[in-house]
Amino acid sequence: MSKSFFRSQNLSKLFATISLLLILPFFLHAQANSAKPWAYWWWMGSAVNKADLKKNLEDFSAAGFGGLHIIPIYGVKGEEANFIPYLSPQWLSMLDYTCTEAKRLGLGIDMTLGTGWPFGGAKVKPQDAAQAFQVQKIPVKAKEKITQLPAVPEKWKNAKLIAVSAYSYNSFIQKLDISKGISWEHPRESDLYALYQLPTGQKVKRAAPGAEGWVLDHFNATAIKTYFQTFAQVFMAKNYGVRAFYNDSYEVYGANWTNNFVQKFQQLRGYDLLPHLDVLAQDTTITDREKRIWADYHETISDVLLEDFTKPLMALGKQFGKIVRNEAHGAPANLLDLYAASDVPETEFFGSKPYGIPGYRVDPDYEVKRFGEPDAFVIKWASSAANVAGRKMVSCETATWLGNHFKVALSQVKPIVDECLVSGVNHIFYHGVPYSPPGAEFPGWLFYASTNFNQQSHFWPFLPQLNAYIERSQSRLQAAKPDNDVLLYFPIYDVWHAAGRKGKTHPMEVHSMVHDIKDSPFGRISAWMTAQGLAYDFISDRQIQALKVENGVLVSTGGTRYKSLVLPVTEYLPLATLQALVRLKQAGASIIFEGRLPRSVNGWNNVTERQKNMQTLLANFQVTFVRDMGTALSKAGVRREMLVEKGLAFIRKKTDKGTLYFISNLSGRFREGRVRLACDAKMLKLYDPLSQQSGWEGFRTLGPNNLETFLQLAPGSSIFLEALDKADSTLTRWPLPFEEADVKDFTGPWKVEFLNGKPFVPKGYQADTLASWTLAPDTLAQYFSGTGRYSLDFSLPEFQVGKPARLDMGDVREMAKVSINGRELGAVWSLPFVLDVPEGVLQKENTIQIEVTNLSANRVRYLDRQKIPWKKFYDINIVDIRYQPFDASNWAPLPSGLKGPVKLMFQRL
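The numbering used here puts the first residue of the sequence shown at -10, with every later residue one more than the last.
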């Protein structure tokens, strides 16, 4: 196979070396941009051209993006003549041009290996498409002769008979030789169980024109090799300047089988699955045998996804010097192992959730029961795997369906970004940026799912500020190393000893993970650890088995060090994992069992012998049982962060200068007060990534790994605290706090002028009381999307003239730029809507101007009321957050403008 992806070892090594040298400059350059946010970049119909690509890339670079991730999808109606077939010479020419221009502009480019998602498409042959199994039970009377099986249900279309096994009174009798036809007769009543394999019939979601086709069989090593070979041939011809290959979330619905699954099962589990077809026919598990057979089935599925899909994907990237981002969630496998095998594990923040931040809004149309609520627990799977495996980056698909189209504000985006960062993410990917020609009429080309971060978005002029905030935060987080103390074992075999809930598998999806896994002993102890302020990572059996011990400290394969390993109440534990625990305990590691020991080994093969071996090991194992987990962990040197008692979320990391904390106030329970940090320090440095203020703050040492300092952190705000090992003489004092006691309230009349916007520019007005401009005298204001200016003259007493102050604008809908006395103070776009007024700006007589930009929802409401056509996309077209055809005509006008109250606060002396 001269053109095969899997060449001889020597040629592969030589080619990989040459390829790496060729792309190394680009690779290093692209890596340098990873602190900036990247974005999914949907090429609609791949109807791209060089002039528009150039303009788009220049815009993204100027806005502070780090890179784009190309995903070709369905097209725009009326643009059919401009569609470019995927991987055609013209398409590859556009990819090449994009990579070249991106490099010139300091941007990186990633690409999905396919169009839409999941992997699949026009080149996938039916025999390589996703497969499922079904088992048909045929009751047979005593002495009844069966020479033909009954017809299968219509929904089993194209089913292929794989095997038939016979049973009598629940006891296996024999496998039938179906190569000679069906022939069965038995003196007693019996049952035949017929195993069928059939295609799932699933096609690629949101595929690009001409690339529509079957979803790939992710369990079929031969099909996977063929699929990857297409891309290997492309990149062998020219190694395009792509930074990363990408695998989207595993949405392979109903797939649970492959052509050689019976052989794979025998190879991996050590026994024949066919005498157990009566178990595969069940949707529930009752007997011990049923539970163990299903556990072996699920483990085999997991092993195949790791060995035959994930590792070859990584090898493909390595061959061409690319990293691989893998959004493995949704897979019916041990998610920790799939993530750990990936260069960049990628998680997802899907949907909307409430925060305790005053003024934070949740889209009321988001259906929590249907889609679940995003949670740090979900993100932790990717960050844990990265920490244990030593991966430097954890990426996140961010702001997917955060709110309905045209209704999402940056003030809603920042808290979810902050939650991602405190949960271990350090490589944000916006979801997303539809490719849209500069000349396209509003609202341009749109992806069916929000949130839109492209040039047509209402928040585009303010987006560079969010991007800069993310860059400043991620640059610090990427440069630091994990500093978590505890490993928490995920007992996946307790999950696997049951028939699957979806397609007879156990997919680990972001939508259901929070509910299904959180409501278990593992989930409950995880929640307890979080509430106690413990820094911890999840760990799998495979990862435990690779741990070693150095001076009583657990060391992972990635070199990360931990002080203790905790096992929640666990029913089934692999013998190899127990053997590893014994080895680690004997080497001096802290191993803690919650409540009781595991009761059984997993699986069916040789279960009696393995169970005896387990009992022997446990009898000689110096087990640490605990009723008070907190005391046991404290004795092991595990630190408790008291920040959580204040309602503050945090991540703790290590730098070459000391201990770094990123702290976010998402609960709204804290405003200011004394906080404790579980570390030592010679100096405490504070840094605000939003305002870029930095300085030292005083503290007192209460004991080893225990210091206390004063912190003022408003709800919605975040801050870096770095406990330095050495004092830094270049730092100045952190600014004094502002307080509510010394306040100047602004009262009207305010002058309101509409500066620019669509579809109309309303007439200005005066307002004694601040309220939404949709209530303005000019009724056209209810449709206005754009910018309005609020002006007010105010006086100050002499003792406040020239003093620094903090301007609090209350409720801003949605973004604003502020000037006082002609001096621009900056912009507000996130909660709380405050800006600092520098010393020397305030005078006795003053003029404040606040230019507010609202959302585009009211303008789209007008378009739909007037039936102006703009929804012109193929496939799903455009839908709302409930996946119904999009229609804004019945929306109420969204509040817009400056609602206040507006006030000045002065520093505490």
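Even glycine gets a Cβ: it sits at the ideal position worked out from N, Cα and C.
{"Query": "By how many angstroms is the C-alpha of G53 removed from the C-alpha of L455?", "Result": "9 Å"}
{"Query": "Mind checking S878: buried by the 16 CB within 10 Å criterion, or exposed?", "Result": "exposed"}
{"Query": "If you draw a straight line from the C-alpha of A19 to the C-alpha of A91, how long is it?", "Result": "The predicted position of A19 is uncertain, since its pLDDT is 41 and thus under 50; a value taken from the coordinates is nonetheless stated next. Distance between the alpha carbons of A19 and A91: 9 Å."}
{"Query": "Is it the case that the Cβ atoms of M618 and E583 are separated by a distance below 8 Å?", "Result": "yes"}
{"Query": "R871 lies in the alpha helix (DSSP H); which residues open and close that run?", "Result": "Unbroken run through R871: none, as it is neither H nor E."}
{"Query": "Is the separation between the beta-carbon of E84 and that of F217 shorter than 8 Å?", "Result": "The question names Glu, but residue 84 in the sequence shown is Leu. No; because the gap between Cβ atoms is not below 8 Å, this pair is not in contact."}
{"Query": "Nearest to L96 by alpha carbon, out of A111, E47, N443?", "Result": "E47"}
{"Query": "Which class does E296 belong to by DSSP, given the choice of helix, strand or coil?", "Result": "helix"}
{"Query": "On the three-pair Cβ rule with 8 Å, is the segment 688 to 706 touching the segment 444 to 463?", "Result": "no"}
{"Query": "What residues in its chain sit with their C-beta under 8 Å from that of L13, if we drop five residues either side in the sequence?", "Result": "For L13, the predicted model reports a pLDDT of 44, less than 50, meaning its position is unreliable; a value from the coordinates is still stated below. Closer than 8 Å at the Cβ level, and outside the excluded window around L13, lie G310."}
{"Query": "Here's the rule: buried if 16 or more other CB atoms are within 10 angstroms of the residue's CB, otherwise exposed. What is L883?", "Result": "buried"}
{"Query": "The beta strand (DSSP E) with A233 in it runs from where to where?", "Result": "233 to 236"}
{"Query": "With a CB to CB cut of under 6 Å and the five nearest residues on each side skipped, what residues in its chain are close to P678?", "Result": "Y458, R461, S462"}
{"Query": "Do L554 and Y482 come within 8 Å of each other at the CB atom, strictly closer than that value?", "Result": "no"}
{"Query": "Please name the residue, chosen from G64, N245, L700, that lies closest to G492 on a Cα-to-Cα basis.", "Result": "N245"}
{"Query": "Verify whether the separation of the beta carbon atoms of A712 and P738 is less than 8 Å.", "Result": "no"}
{"Query": "Three or more beta-carbon pairs under 8 Å between the segment 740 to 750 and the segment 807 to 821, yes or no?", "Result": "no"}
{"Query": "Where does R585 fall in DSSP's three states?", "Result": "coil"}
{"Query": "Go to N376, then tell me how far its alpha helix (DSSP H) extends in each direction, as first and last residue.", "Result": "365 to 378"}
{"Query": "Of the choices F511, E430, F436, L410, whose alpha-carbon is the least far from that of A964?", "Result": "With the chain represented from -10 up to 898, any question about residue 964 goes unanswered, as that position is not in the structure."}
{"Query": "Check whether the segment 54 to 69 touches the segment 195 to 207, taking contact to mean three or more Cβ pairs, one atom from each stretch, closer than 8 Å.", "Result": "yes"}
{"Query": "Quick check on DSSP: helix, strand or coil for M672?", "Result": "strand"}
{"Query": "Could you have a look at V51 and say whether DSSP puts it in helix, strand or coil?", "Result": "One detail in the question is off: residue 51 reads as Ala in this sequence, not Val. A51: helix per DSSP, three-state reduction."}
{"Query": "What is the DSSP secondary structure of W283, reduced to helix, strand or coil?", "Result": "helix"}
{"Query": "Threshold first: 3 residues or longer. Then list the beta strand (DSSP E) segments lying entirely within the segment 429 to 492, N to C.", "Result": "475 to 478"}
{"Query": "When the Cα atoms are used, what is the spatial distance from G392 to I870?", "Result": "7 Å"}
{"Query": "Taking just the CA atoms, how far does R658 sit from V849?", "Result": "37 Å"}
{"Query": "Mind checking who R802 pairs with in its DSSP beta bridge?", "Result": "G886"}
{"Query": "Quick check on Y158: buried or exposed, where buried means 16 or more other Cβ atoms within 10 Å of its Cβ?", "Result": "exposed"}
{"Query": "Take P557 as the anchor and find which of G547, F511, T566 has the nearest alpha-carbon.", "Result": "F511"}
{"Query": "Looking at C-alpha atoms only, which residue of A322, L564, T387, V402 is the closest neighbour of Y344?", "Result": "V402"}
{"Query": "Which residues in the same chain as F418 place their Cβ atom closer than 8 Å to its Cβ, once the five residues preceding and following it in sequence are excluded?", "Result": "P26, W27, A28, Y29, H58, E335, S384, C385, E386, T387"}
{"Query": "Could you round the C-beta distance between Q904 and I167 to whole angstroms and report it? I think they count as a contact, below 8 Å.", "Result": "No information on residue 904 is available, as it lies outside the stretch -10 to 898 that the chain covers here."}
{"Query": "Reducing DSSP to helix, strand and coil, say where F(-6) ends up.", "Result": "For F(-6), the predicted structure reports a pLDDT of 36, less than 50, and the residue's modelled location is therefore unreliable. A value from the coordinates is still provided. Reduced to three states, the DSSP call for F(-6) is coil."}
{"Query": "Is there contact between the segment 263 to 271 and the segment 146 to 154, where contact requires at least three CB pairs shorter than 8 Å?", "Result": "yes"}
{"Query": "Go ahead and label A846 buried or exposed: buried means 16 or more other beta carbons lie within 10 angstroms of its beta carbon, across all protein chains shown.", "Result": "buried"}
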